[in-house]
Structure formats: structure tokens, C-alpha cells
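Novice: Structure provided below as C-alpha cells; questions to follow.
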Amino acid sequence: MNATTNETTNETVNADTATKTPLLELKDVSTVVNAHTANETKILNGLNLTVYPGDFITVLGSNGAGKSTLFNVIGGNLNADEGDVLLHGKSIKRESEEQRTRFLARVFQDPKLGTAPRMTVAENLLLASKRGQRRGLVPRGLRKHLDEYKTMASTMNNNLENRLNTATGSLSGGQRQALSFLMAVESKPELLLLDEHTAALDPKTSQQLMTATNDRIAADHLTCLMITHRLEDALKYGNRLIVLNAGKITFDVRGEEKKQLTREQLFNFFEDL
């Protein structure tokens, strides 16, 4: 896998996407730190990415390659200094993080992020159901949702369904991250960002969450980007794999071509970076 081959693969329009309208597009996006100083650095450097409805994209890259910056630009936590971000063909470059919650949800690496520790599991799920909506002074109606939340929590296979009335701060790290994931997908967002969401968990808990993640994405036909450092997960999950290096996508493969990739090929690719 050399750079020329990777660029050709990245530019090729696959037959399964040729008739689809993109959900999200990043066009010539660059981000700069320490602007107008001797230490000025581009984190993203003219990056282009087209995400189609139903894509489940695993994102790889060495430290400093721009993975988290990519997610921050998509999520609205960081503005692109150059280029544009399009949703359904319309620019959202100037939209805030809060405005983007109408179509986007994100799960972070730290299980403590994304949940309210003093609220119960059920209260957190109810809060998540209001994502992107205007809120007024109306009865919360929590009790009528308990059966629904119990069924939802049971899909995580970690006893979370029996802790609906437990304060989230009292959960294990695995249960809390499972709750963060459920909160993110509860309203079936158009775009789901998973930012190394299993990295802080032990291997068994990580695998349980990845299995549940894959099942939910498939069942709800979600569009997802997932950052991971685990080559095995990048190969096993999703229909598409991209690699970032120096703020650009240097490898982009999907479908049967992705299925034929091996761990050794990916490992060798990283050695060449």
C-alpha cells in the first residue's frame, strides 16, 4: 500500500455510492494552531471526506494525525480555518456545537463524559431523548418510559437494565460508557461519532460494548464514524476504513476491498508513515 495507490483509492467513486447523495462532506478543510507565529501548524491540511448514509467508517491514524480534530470540526467544537463542512449539500461551517445536536451525537473515550452523575440511568436516558429539541416547563413523564428504557438497557448485556434508578455516578466504568452510548443513539441521530469509546475499558467490557455498538448501528441503519487504535476492530467492524496522516486522509477503502485487508497489511502501512 503506497501513497499513490492510497490516493487513487481515495479518489475512486465506488459503484455502491455513485447513486447516493452524501450526508456529510468536508471540502479542503484545514485547521491551524499558533496562527501567524513561527510555530504555526496545520492539524488538518486540506482534508476531503465524503460520508454517505449508512456508512460505518473506522478511523485510524497515529498520534497527532488529526483524528480528534476531525471529529471536533464535524461536531462544531472547532471551526475550520479553511474549507467547508456540508450537511445534505448545505454549509454548516458556522453552526455551533449545540446547533449540530439536531443531527449529531458523540461518545467520548472518558466514561464520565456525556452523562449527568447525580441523575439516575433512567433520568439520563430521558434527557437524551430531548436532544436537539426546545424544552419547556412540562411534566417529564419518566415513569411511562421505564419499560422502554429497561428493554433498551438490556441490549448492553451488563446488568444496566437493573440499575435504572441508580445514580449514574455509582455505575461501573463499563456501565457508564454503555449508558453514554445508549444516550447517543436513543434518538437515532443522522450521524454518530464514536471517539475511542472503548479505549478506557478492560478487554472483556470493551468487546461487549463493541458487539452492542455494531448490533445497534446495524439495526437502526445509523451512519457512524469510529476512531480506534485497535487494528482488529478497524478491520472487523464497518463497511469502510480510512487512515489519517499529517492531517490528510491517505487511505480510504470500503466493501470487499476492506474485507480483504489483513492486520499485517495495516501494520505495515503504519510503519511506512
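Under our numbering, think of the first position of the sequence shown as 1036, with each following residue one higher. The beta carbon of each residue, even a glycine, is placed where N, CA and C say it ideally should be.
When the Cα atoms are used, what is the spatial distance from Gly1282 to Glu1183?
Specialist: For the purposes of this step, residue 1282 is taken as the residue at position 247 of the sequence shown. For the purposes of this step, residue 1183 is taken as the residue at position 148 of the sequence shown. Spanning the two alpha carbons is a distance of roughly 42 Å.
Novice: Can you list, in chain order, the residues of its chain with a C-beta nearer than 7 Å to that of Arg1298? Leave out the 5 residues immediately preceding and following it.
Specialist: On the sequence shown, residue 1298 is found 263 positions in, with the first residue counted as 1. Once the five neighbours on either side are set aside, the close Cβ partners of Arg1298 are Leu1266, Glu1267, Leu1270.
Novice: Using a Cβ distance threshold of 8 Å, determine whether the region 1068–1080 contacts the region 1100–1116, with at least three qualifying pairs required.
Specialist: Enough Cβ pairs lie closer than 8 Å, so yes.
Novice: Compare the C-alpha of Asn1303 against each of Glu1292, Leu1139, Val1278 and name the closest.
Specialist: Numbered from 1 along the sequence shown, position 268 holds the residue referred to as residue 1303. Residue Val1278 is the option with its Cα nearest to Asn1303.
Novice: If you drop the 5 nearest sequence neighbours on each side, which residues of the same chain put their C-beta closer than 6 Å to that of Leu1105?
Specialist: Counted from its first residue, the sequence shown places residue 1105 at position 70. Contacts found: none.
Novice: For a test of the three-state rule: what should DSSP assign to Arg1141, helix, strand or coil?
Specialist: Within the sequence shown, numbered from 1, the residue matching residue 1141 stands at position 106. The answer is strand: DSSP assigns Arg1141 an E or B state.
Novice: With 16 other CB atoms within 10 Å as the buried threshold, where does Gln1242 fall?
Specialist: Translated into positions along the sequence shown, residue 1242 becomes position 207. The residue in question, Gln1242, is exposed, as its Cβ has fewer than 16 Cβ neighbours within 10 Å.
Novice: Report yes or no: do three or more beta-carbon pairs, one from the region 1116–1128 and one from the region 1149–1168, lie closer than 8 Å?
Specialist: Counting Cβ pairs under 8 Å, fewer than three are found: no touch.
Novice: Taking the CB atoms as reference points, tell me whether Pro1057 and Leu1139 lie closer together than 8 Å.
Specialist: One-based indexing of the sequence shown puts residue 1057 at position 22. One-based indexing of the sequence shown puts residue 1139 at position 104. It is not a contact, given that the beta carbons lie outside the stated cut-off.
Novice: Using a Cβ distance threshold of 8 Å, determine whether the region 1245–1259 contacts the region 1210–1230, with at least three qualifying pairs required.
Specialist: At 8 Å Cβ cutoff, the stretches touch.
Novice: Which residues in the same chain have their Cβ closer than 6 Å to the Cβ of Leu1276, if we skip the five residues on either side of it in sequence?
Specialist: For the purposes of this step, residue 1276 is taken as residue 241 along the sequence shown, with counting starting at 1. Result list for Leu1276: Thr1093, Ala1269, Val1288, Lys1293, in chain order.
Novice: Who are the near neighbours of Asp1250 in its chain, counting only those whose CB is closer than 8 Å to its CB and skipping five residues on each side?
Specialist: Numbered from its first residue, the sequence shown carries residue 1250 at position 215. For Asp1250, where only same-chain residues beyond five positions count, the Cβ hits under 8 Å are Thr1190.
Novice: Which whole runs of the alpha helix (DSSP H) in the region 1188–1246 are 4 residues long or more, in chain order?
Specialist: Entirely contained in the region 1188–1246, the alpha helix (DSSP H) runs reaching 4 residues are, in chain order, 1208–1220.
Novice: Can you grab the Cα-Cα spacing for the pair Lys1128 / Asn1114, in whole Å?
Specialist: One-based indexing of the sequence shown puts residue 1128 at position 93. One-based indexing of the sequence shown puts residue 1114 at position 79. Cα to Cα, the separation comes out at about 7 Å.
Novice: Alpha carbons only, please: which of Gly1111, Ala1151, Asp1116, Val1142 is nearest the one belonging to Glu1133?
Specialist: Mapped onto the sequence shown, residue 1133 falls at position 98. Considering only alpha carbons, the answer is Gly1111.
Novice: Mind reading off the beta-carbon distance from Gly1204 to Pro1152? Whole number of angstroms is fine, and I expect it under 8 Å.
Specialist: By one-based count along the sequence shown, residue 1204 stands at place 169. By one-based count along the sequence shown, residue 1152 stands at place 117. Yes, Gly1204 and Pro1152 are in contact; Cβ-Cβ is about 3 Å, under 8 Å.
Novice: Hey, out of Ile1252, Phe1286, Asp1116, whose CA is closest to Thr1066's CA?
Specialist: The residue labelled residue 1066 in the question sits at position 31 within the sequence shown. Cα-wise, what sits closest to Thr1066 is Asp1116.
Novice: Let me make sure I understand the geometry here. Which of His1071, Tyr1087, Ala1070, Asn1280 has the alpha-carbon closest to that of Gly1273?
Specialist: Working through the sequence shown from its first residue, we reach residue 1273 at position 238. It is Tyr1087 whose Cα lies nearest to the Cα of Gly1273.
Novice: Looking at C-alpha atoms only, which residue of Leu1301, Gln1300, Phe1286, Glu1291 is the closest neighbour of Thr1084?
Specialist: On the sequence shown, position 49 is the one that residue 1084 refers to. A small fix is needed here, since residue 1084 is Leu in this sequence, not Thr. Of Leu1301, Gln1300, Phe1286, Glu1291, the residue nearest in Cα terms is Phe1286.
Novice: Taking the alpha carbon of Ala1219 as the reference point, which residue from Leu1160, Lys1062, Phe1091 has its own alpha carbon closest?
Specialist: Residue mapping note: residue 1219 aligns to position 184 of the sequence shown, counting from 1. The shortest C-alpha separation from Ala1219 is found at Leu1160.
Novice: What separation, rounded to the nearest whole angstrom, lies between the Cα atoms of Lys1193 and Leu1214?
Specialist: Taking the first residue of the sequence shown as 1, we reach residue 1193 at position 158. Taking the first residue of the sequence shown as 1, we reach residue 1214 at position 179. The residue asked about is misnamed: residue 1193 is Asn in this sequence, not Lys. Each residue's Cα considered, the two are about 11 Å apart.
Novice: For Phe1091, which residues from the same chain have a beta carbon less than 6 Å from its beta carbon, with the 5 sequence-adjacent residues on both sides left out?
Specialist: In the sequence shown, residue 1091 corresponds to position 56, counting from 1. Closer than 6 Å at the Cβ level, and outside the excluded window around Phe1091, lie Ile1252, Cys1259, Gly1273, Asn1274.
Novice: Rounded to whole angstroms, what's the CA-CA distance from Thr1186 to Thr1248? Just pull it up for me.
Specialist: Position 151 of the sequence shown, counted from the start, is the residue given in the question as residue 1186. Position 213 of the sequence shown, counted from the start, is the residue given in the question as residue 1248. Whole-angstrom Cα-Cα distance: 16 Å.
Novice: If we ignore side chains and look at the alpha-carbon of each, how far apart do Asp1237 and Leu1177 end up?
Specialist: Along the sequence shown, read from residue 1 onward, the residue named residue 1237 stands at position 202. Along the sequence shown, read from residue 1 onward, the residue named residue 1177 stands at position 142. C-alpha separation (whole angstroms): 32 Å.
Novice: Which one of Arg1211, Lys1055, Ala1254, His1264 has the shortest CA to CA distance from Thr1240?
Specialist: Stepping through the sequence shown from its first residue, residue 1240 is reached at position 205. Minimum Cα distance to Thr1240 is reached at Arg1211.
Novice: In the DSSP assignment, find the unbroken beta strand (DSSP E) run with Leu1084 in it and report its ends.
Specialist: Locating residue 1084 in the sequence shown gives position 49, counting from the first residue. Run containing Leu1084: 1076–1086, per the beta strand (DSSP E) assignment.
Novice: How is the beta strand (DSSP E) around Lys1062 delimited, first residue to last?
Specialist: As a first step, residue 1062 must be located in the sequence shown, where it is residue number 27. It spans 1059–1068 - the beta strand (DSSP E) in which Lys1062 sits, taken as one unbroken run.
Novice: Alpha carbon to alpha carbon, what distance is there between His1071 and Leu1148?
Specialist: Start at 1 with the first residue of the sequence shown, and residue 1148 comes out as number 113. Start at 1 with the first residue of the sequence shown, and residue 1071 comes out as number 36. In a straight line, the C-alpha of Leu1148 is about 34 Å away from that of His1071.
Novice: Which whole-angstrom value describes the C-beta separation of Leu1082 and Val1064, a residue pair presumed to lie in contact below a C-beta threshold of 8 Å?
Specialist: Taking the first residue of the sequence shown as position 1, residue 1082 is located at position 47. Taking the first residue of the sequence shown as position 1, residue 1064 is located at position 29. Contact flag correct, Cβ pair sits at about 5 Å.
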